[in-house]
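Visitor:
There are 2 protein chains.
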Amino acid sequence: MTRADLPIGVFDSGIGGLTVVRALRRILPEESIIYLGDTARVPYGSKSHETIQRYALQAGAILARYNPKLMVIACNTASAHGLAALQAVAPCPVIGVIEPGAEAAAAMAGPVGVIGTLATIQSGAYEDAIRRRRPGAVIHSLACPLLVPFAEEGWMDDPITDAVCRRYLNQIPFEVRTVVMACTHYPLLLPSLARTRPGTNWLDSGEYTARTVDQMLQGSLGYRTASARGSLRILLTDASSRLQEVGERFLCEPLESVDLVEL
Amino acid sequence: MTRADLPIGVFDSGIGGLTVVRALRRILPEESIIYLGDTARVPYGSKSHETIQRYALQAGAILARYNPKLMVIACNTASAHGLAALQAVAPCPVIGVIEPGAEAAAAMAGPVGVIGTLATIQSGAYEDAIRRRRPGAVIHSLACPLLVPFAEEGWMDDPITDAVCRRYLNQIPFEVRTVVMACTHYPLLLPSLARTRPGTNWLDSGEYTARTVDQMLQGSLGYRTASARGSLRILLTDASSRLQEVGERFLCEPLESVDLVEL
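Line order of the protein sequences matches chains G and Z.
If you read the first sequence in numbering that gives the first Met the number 0, its first letter stands for residue 0, the second for the next number, and so on.
If you read the second sequence in numbering that gives the first Met the number 0, its first letter stands for residue 0, the second for the next number, and so on.
(1) Apply the 10 Å Cβ neighbour rule to residue 0 of chain Z and answer buried if 16 or more other Cβ atoms are within range, or exposed otherwise.
(2) Answer yes if the segment 219-232 of chain G comes into contact with the segment 253-260 of chain G, meaning at least three C-beta pairs across the two stretches below 8 Å, and no otherwise.
(3) Which residues bound the alpha helix (DSSP H) around residue 212 of chain G?
(4) Taking residue 185 of chain G as part of the beta strand (DSSP E), name the residues at either end of that continuous run.
(5) Along the segment 34-46 of chain G, where does the CB come closer than 9 Å to a CB of chain Z? Name the residues.
(6) Specify whether the segment 18-28 of chain G and the segment 209-224 of chain G touch according to this definition: at least 3 beta carbon pairs, one from each stretch, less than 8 Å apart.
(7) Compute the distance between the beta-carbons of residue 72 of chain G and residue 55 of chain G, then report whether it is under 8 Å.
(8) Which of the three DSSP states is assigned to residue 41 of chain Z in this structure?
(9) Under the DSSP definition of a beta bridge, which residues are partnered with residue 232 of chain G?
(10) Please report the straight-line C-alpha distance between residue 125 of chain G and residue 172 of chain Z, rounded to a whole angstrom.
(11) What is the C-beta distance between residue 66 of chain Z and residue 181 of chain Z, in whole angstroms, given that I count them as a contact (C-beta under 8 Å)?
(12) Excluding the 5 residues preceding and the 5 following residue 149 of chain Z in the sequence, name in chain order all residues of the same chain whose CB lies nearer than 7 Å to its CB.
(13) If I follow the unbroken beta strand (DSSP E) through residue 258 of chain G, where does it start and stop?
(14) Leaving out five residues before and five after residue 285 of chain Z in sequence, what residues of the same chain have Cβ atoms less than 6 Å from its Cβ?
(15) Report the residue ranges of all beta strand (DSSP E) runs contained in full by the segment 73-138 of chain Z; include only those spanning at least 3 residues, in chain order.
(16) Exposed or buried, residue 222 of chain G, counting other C-beta atoms within 10 Å across all chains shown (16 or more means buried)?
(17) Let me check one thing: in DSSP terms, what residues is residue 179 of chain G bridge-paired to?
(18) Closer than 9 Å, Cβ to Cβ, to anything on chain G: give me those residues from the segment 162-179 of chain Z, in chain order.
(19) How would you list, in chain order, the residues of chain G whose beta-carbon sits under 8 Å from the beta-carbon of residue 241 of chain Z?
(20) Can you give the beta carbon distance from residue 99 of chain G to residue 207 of chain G, rounded, assuming they're within the 8 Å contact cut?
(21) From which residue to which residue does the beta strand (DSSP E) around residue 11 of chain G run?
(22) For chain G, is any of its Cβ atoms less than 8 Å away from the one on residue 190 of chain Z?
(23) Take residue 138 of chain Z and list the residues in its own chain whose beta-carbon comes closer than 8 Å to its own, dropping the five residues that flank it on each side.
(24) Is the distance from the Cβ of residue 202 of chain Z to the Cβ of residue 167 of chain Z below 8 Å?
(25) Between residue 50 of chain Z and chain G, is there a C-beta pair that is closer than 8 Å?
Right, dumping it as structure tokens:
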């Protein structure tokens, strides 16, 4: 088997990263994917830098057993706190979701909003990555701790969800017309978010990350040579009865081949 | 030092159990308390039986190092899934919050509502414990996954919090006049809960657990002999910047003496 035929390893703190997998499978349907969700210790969004970094390294060690050609940290919080540490030790290239999202934001004109978990926002990782590309960019960052629970509860198209989104988003000045969804759960709340601020560009970091993966495969890593649809194997550190239902909502396809691993 | 002078060990998945500590310190101000919050892996409410049981045993092993006279699992989810396993191996008596809460509920007339996390409700532990005391009791159990995030976000006296409470509580028939708050976070939401169902008795399992501890000390375990206020030492598995603020809201006193431990 050539390197191009090896799978892509995807890691997330839970199942939010399945929205990134969904984008990968739409853009790159032939690629095989191993997804590791640390569902026993989710969420990472309110944990400390040291803990998140340690968890990311443990997850990378599990994925490395499957000999991936590339690892994707499909979680903004884990990207903010664990990417550099994992890149330093991983046996293959590792990318996170922040650089692709920041790249897209920096290319837009005007001030930028960034919404995410407390740990992602406190890291300042998006501000750094955007200002590296557009020095002096005006950035309004906001932690929205309740949005992940709402996305997982599945209250979609719901006035309460709209009210929560409005409460948070009203804290960002209304002249901001570009907002980065710096959490892989948030694309599920896009209808509610969009209602709070008509005319806003909502940037999905996961979507841009899938495009970055495409560019990397087109370059030195190579596309899988088989033309059949790639497999999707899911490893979870905890499997509660509700994961199946919620995971399928995130992935938009049935969750097959789920195995438990210990971290 | 006699056994009566040993501390009480309290374990919770995070910081919700501090509401139980608050009750203990009000009823038993002279007792010394070691509190262990597994903040790195919180919340337990959506995890599986096996994982929660394993975590409870690990936490019990840490608390055992402090040679407590009694251990309290101040978390409904961990009580539902980990109490029996921990009782089987612990070097001292172990109680959870479910039996005291169920005892209080069984003593009330009429049907009973139980609200808690998904894992607590799915365990059926409250229904078993109430029906052991009152066979044939009519019980309406309801998982309310968003209430813990709201209690931690601190949106108190807030119309959105009221709307979320109403959405959940309206699923319990209105003739139910006794509802057990089967999660240690929920007492913080009592104003919102009370507005949804005027005239309801809201039973706080943590409060009844503190009374049970008092009875056990009055019995064979003994009260601490010193008359000075007991110490409160807090061990956490992760310390994010937000814990201090949220923890003090739960405890209603300053969080001093916080140490990190690894689990």
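Every residue gets a Cβ at the ideal spot worked out from N, C-alpha and C, and that includes glycine.
None of these values were measured; they are calculated from a predicted model.
Guide: Reading from the atomic positions:
(1) The count along the second sequence starts at 1 and reaches residue 0 of chain Z at position 1. Exposed is the call here.
(2) yes
(3) Taking the first sequence and counting its residues from 1, the one referred to as residue 212 of chain G is at position 213. Residue 212 of chain G -> alpha helix (DSSP H) spans 204-215.
(4) Taking the first residue of the first sequence as position 1, residue 185 of chain G is located at position 186. Run containing residue 185 of chain G: none; DSSP gives neither H nor E here.
(5) 38, 39, 40, 41, 42, 45 and 46
(6) yes
(7) The residue given as residue 72 of chain G occupies position 73 in the first sequence. The residue given as residue 55 of chain G occupies position 56 in the first sequence. Yes; because the gap between Cβ atoms is below 8 Å, this pair is in contact.
(8) Start at 1 with the first residue of the second sequence, and residue 41 of chain Z comes out as number 42. Note: residue 41 of chain Z maps to coil in three-state DSSP.
(9) Locating residue 232 of chain G in the first sequence gives position 233, where the first residue counts as 1. G:33, per the DSSP bridge assignment.
(10) Position 126 of the first sequence, counted from the first residue, corresponds to residue 125 of chain G. Position 173 of the second sequence, counted from the first residue, corresponds to residue 172 of chain Z. About 47 Å.
(11) Within the second sequence, residue 66 of chain Z is the residue found at index 67, counting from 1. Within the second sequence, residue 181 of chain Z is the residue found at index 182, counting from 1. With 8 Å as the limit, residue 66 of chain Z and residue 181 of chain Z do not qualify as a contact, their Cβ atoms being about 30 Å apart.
(12) For the purposes of this step, residue 149 of chain Z is taken as the residue at position 150 of the second sequence. 160, 163 and 188.
(13) Here residue 258 of chain G refers to the residue found at position 259 when the first sequence is read from its first residue. 257-259 is the span of the beta strand (DSSP E), which, as asked, contains residue 258 of chain G.
(14) The question about residue 285 of chain Z has no answer, for chain Z in this structure spans 0 to 262.
(15) 93-95 and 111-115
(16) Taking the first sequence and counting its residues from 1, one reaches residue 222 of chain G at position 223. Exposed.
(17) Taking the first residue of the first sequence as position 1, residue 179 of chain G is located at position 180. BP columns for residue 179 of chain G point to G:113 and G:202.
(18) 162, 163 and 166
(19) Walking along the second sequence from the start, residue 241 of chain Z turns up at place 242. Near residue 241 of chain Z (Cβ distances below 8 Å), the residues of chain G are 45 and 117.
(20) Position 100 of the first sequence holds residue 99 of chain G. Position 208 of the first sequence holds residue 207 of chain G. The pair is a contact, with the Cβ atoms about 4 Å apart (cut-off 8 Å).
(21) Your numbering for residue 11 of chain G matches position 12 in the first sequence. 7-11 is the span of the beta strand (DSSP E), which, as asked, contains residue 11 of chain G.
(22) Counting from one through the second sequence, the residue named residue 190 of chain Z turns up at place 191. No, residue 190 of chain Z does not count as interfacial toward chain G.
(23) For the purposes of this step, residue 138 of chain Z is taken as the residue at position 139 of the second sequence. So the qualifying residues of the chain are 110, 111, 112, 113, 125, 126, 129 and 130.
(24) Residue numbering aside, residue 202 of chain Z sits at position 203 when the second sequence is read from its first letter. Residue numbering aside, residue 167 of chain Z sits at position 168 when the second sequence is read from its first letter. In this structure, residue 167 of chain Z does not lie closer than 8 Å to residue 202 of chain Z by Cβ.
(25) Reading the second sequence from its first residue, position 51 is the one you call residue 50 of chain Z. Interface residue, yes.
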